[in-house]
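Reviewing the structure listed below.
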Amino acid sequence: MRKWYWCIIVGGISSLLASCSVEPPIPNSELAIFSNPLQAGEGPENYFLAKTGYSVAYRASWRLARSVTWTLRAEDLGPAERTNQFRPDPSLPPGWYQVRTSDYTGSGFDRGHLCPSADRTASDVANQETFFMTNIVPQSPVLNRGAWANLESFARDLARAGYVVHQWVGVYGQGGEGSQGQRNQIGPDIRVPARLFKAIWAVPVGGKLDSDRVISLVVDFPNVDSRVAGHDWVRYLTSWEELDRRWNEGNIREGIAASVWSYWRGDWWDYRQSPVPVRTPCQLHQGRLLYLGPDGGCFYRGEGGRKVYVEASRCRCETSS
Amino acid sequence: MDMKTEQKLKAWVSQLYFLTETEANWEVEPLRPACGDLSCWIQASYQKVPWEVFWQPLVQREDWFGPEEIAQADRYTQLVMGLEELATTYFVVRKGSLDIVWYIVLQCQDGEVWGLKTTGVET
Numbered sequence: 007m008r009k010w011y012w013c014i015i016v017g018g019i020s021s022l023l024a025s026c027s028v029e030p031p032i033p034n035s036e037l038a039i040f041s042n043p044l045q046a047g048e049g050p051e052n053y054f055l056a057k058t059g060y061s062v063a064y065r066a067s068w069r070l071a072r073s074v075t076w077t078l079r080a081e082d083l084g085p086a087e088r089t090n091q092f093r094p095d096p097s098l099p100p101g102w103y104q105v106r107t108s109d110y111t112g113s114g115f116d117r118g119h120l121c122p123s124a125d126r127t128a129s130d131v132a133n134q135e136t137f138f139m140t141n142i143v144p145q146s147p148v149l150n151r152g153a154w155a156n157l158e159s160f161a162r163d164l165a166r167a168g169y170v171v172h173q174w175v176g177v178y179g180q181g182g183e184g185s186q187g188q189r190n191q192i193g194p195d196i197r198v199p200a201r202l203f204k205a206i207w208a209v210p211v212g213g214k215l216d217s218d219r220v221i222s223l224v225v226d227f228p229n230v231d232s233r234v235a236g237h238d239w240v241r242y243l244t245s246w247e248e249l250d251r252r253w254n255e256g257n258i259r260e261g262i263a264a265s266v267w268s269y270w271r272g273d274w275w276d277y278r279q280s281p282v283p284v285r286t287p288c289q290l291h292q293g294r295l296l297y298l299g300p301d302g303g304c305f306y307r308g309e310g311g312r313k314v315y316v317e318a319s320r321c322r323c324e325t326s327s
Numbered sequence: 005m006d007m008k009t010e011q012k013l014k015a016w017v018s019q020l021y022f023l024t025e026t027e028a029n030w031e032v033e034p035l036r037p038a039c040g041d042l043s044c045w046i047q048a049s050y051q052k053v054p055w056e057v058f059w060q061p062l063v064q065r066e067d068w069f070g071p072e073e074i075a076q077a078d079r080y081t082q083l084v085m086g087l088e089e090l091a092t093t094y095f096v097v098r099k100g101s102l103d104i105v106w107y108i109v110l111q112c113q114d115g116e117v118w119g120l121k122t123t124g125v126e127t
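Sequence order for the protein chains is A and B.
Residue numbering for the first sequence follows this note's numbering, starting at 7 and increasing by one per position.
Residue numbering for the second sequence follows this note's numbering, starting at 5 and increasing by one per position.
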């Protein structure tokens, strides 16, 4: 393991701990996992990149990040203006293809941020780094501008309300649908992921990590215009067990230390318990939350967590797209 | 309307991309504002963007640029020079917060007002 890698992790831990007024119950070595949940290193299929405001596990053969992690606090939200200067990431090793913004032009997919620009506005440098193409994936425009954007906004609301919001986003599978139809790749062999997930773990500033006030949720979206149209992010809430099955790489749990994993509860989070308003046009079904499964089925969780399917139209959220 | 001005503007923006999270072309529109001094383009729903701030990232060459990016930056440079020569009054406004519209508002020497319109996405 290179020395600089540990310096970055230790630096990240120091700043994380500095923001807490209580001694964290998780050992430092395990907090580091949040910076690198997939245990990326120097190999091309799981290459670790550390930025000022986020960390990346990059897969060279996909020309994409596998996942990105960052922590959002209220002080990360500042006056820096975004510039839309998408650019190749110079920190990739020599000889690796450097994805360009023009590789996406005409593809029908948005340049979708994993760590959003709006989460990094405390300084120009932090904001500009979110425009490295290693932080960008070909994303369904309907998803990027709708449910995904709404979820990003919800995370910022949590930060403004006094939460330290740890976020982990990732992509998996192959084949999405943009404004010009289904594609497996765009440009020079850039993979179009089939799905994007986001996990949020929000801790009240100064609060205990295992308290009831910790918010932990996981959301998993299809990267398909026609499937996400008319739905909002609350329909895509799921559980780690489900995501594990869908991801099918068998490494979500393996990549995370067991004691940290226990804090990532996140199963079927009930957004009605949210401490900040969840603005969504989605309706309940007979007082129950509805969810969309990986194949588009609409269900609620009945007795013992059993999935009870209802007409797909029940899951539509009329004013969201 | 002066067809020469319209043709000139169309030629300048032909095949010129405006890149955000998506990409868009530029459209040329004759504008007929209700007010004579163009102040109606600076209403509450429009946000004025400083001229240099808007153009700077489009005209500046970066180290990583290839031939395609260099060609676009050079064409943007020519566009800005052309607009500053063509118009007596010019400014940039934007409207929206996620799906955004930008207008380059130009008042020419003959008093006519033209707009260059493009769109973008900022999530």
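Ideal placement from N, C-alpha and C gives every residue a C-beta, glycine not left out.
As the structure is a computational prediction, the values presented were derived from the model and not from experiment.
Query	Result
Is any beta-carbon of chain B found at less than 8 Å from that of ARG117(A)?	yes
Assign ARG197(A) to one of two classes, buried (16 or more other C-beta atoms within 10 Å of its C-beta) or exposed (fewer than that).	buried
Tell me, please, whether the CB atom of THR26(B) is closer than 8 Å to any CB atom in chain A?	yes
Is it true that the CB of VAL175(A) sits closer than 8 Å to the CB of PHE203(A)?	yes
Leaving aside the five residues before and after ALA28(B) along the sequence, list all residues of the same chain whose C-beta is less than 8 Å from its C-beta, in chain order.	TYR21, PHE22, THR122, THR123, GLY124
Buried or exposed: where does ALA208(A) fall if 16 or more other Cβ atoms within 10 Å of its Cβ makes it buried?	buried
Please report how far the alpha carbon of PRO43(A) lies from the alpha carbon of ALA63(A), in whole angstroms.	9 Å
Residues in the region 87-113 of chain B with C-beta within 9 Å of chain A's C-beta atoms, listed in sequence order?	LEU102, ASP103
Classify CYS4(A) as helix, strand or coil using the three-state DSSP reduction.	This structure gives no information on residue 4(A), because the portion of chain A shown stretches from 7 to 327.
Does the region 93-108 of chain A come within contact of the region 139-148 of chain A, defined as at least 3 CB pairs closer than 8 Å?	yes
By the 10 Å Cβ neighbour count, where 16 or more other Cβ atoms means buried, how is CYS44(B) classified, buried or exposed?	exposed
Opposite GLY118(A) in the DSSP bridges: which residues?	VAL143(A)
Going by C-alpha distance, which of GLU87(A), SER217(A), VAL316(A), ALA66(A) is nearest PRO54(B)?	GLU87(A)
Any idea if ASP78(B) is buried or exposed, counting beta-carbon neighbours within 10 angstroms, 16 or more meaning buried?	exposed
Let me make sure I understand the geometry here. Which of LEU83(A), VAL211(A), VAL234(A), GLY182(A) has the alpha-carbon closest to that of SER113(A)?	GLY182(A)
Using the C-alpha atoms, what's the distance from THR77(A) back to VAL97(B)?	34 Å
For PHE160(A), name the three-state secondary structure that DSSP assigns.	helix
Assuming contact is defined by CB atoms lying nearer than 8 Å, are GLU324(A) and PRO287(A) in contact in what I supplied?	yes
For a cutoff of 8 Å on Cβ pairs, would you count TYR80(B) as touching chain A?	no
Under the three-state reduction of DSSP, which class applies to ALA132(A): helix, strand or coil?	helix
Kindly identify the DSSP beta-bridge partner or partners of LYS214(A).	Note: LYS214(A) sits in no beta bridge, so no partner.
What residues of chain B sit near GLU158(A), judged by a beta carbon separation below 8 Å?	THR127
Keeping to the same chain, check which residues put their C-beta closer than 6 Å to that of VAL220(A); ignore five residues upstream and five downstream.	VAL209
Going by the beta-carbon positions, is the gap between ASN90(A) and THR92(B) smaller than 8 Å?	no
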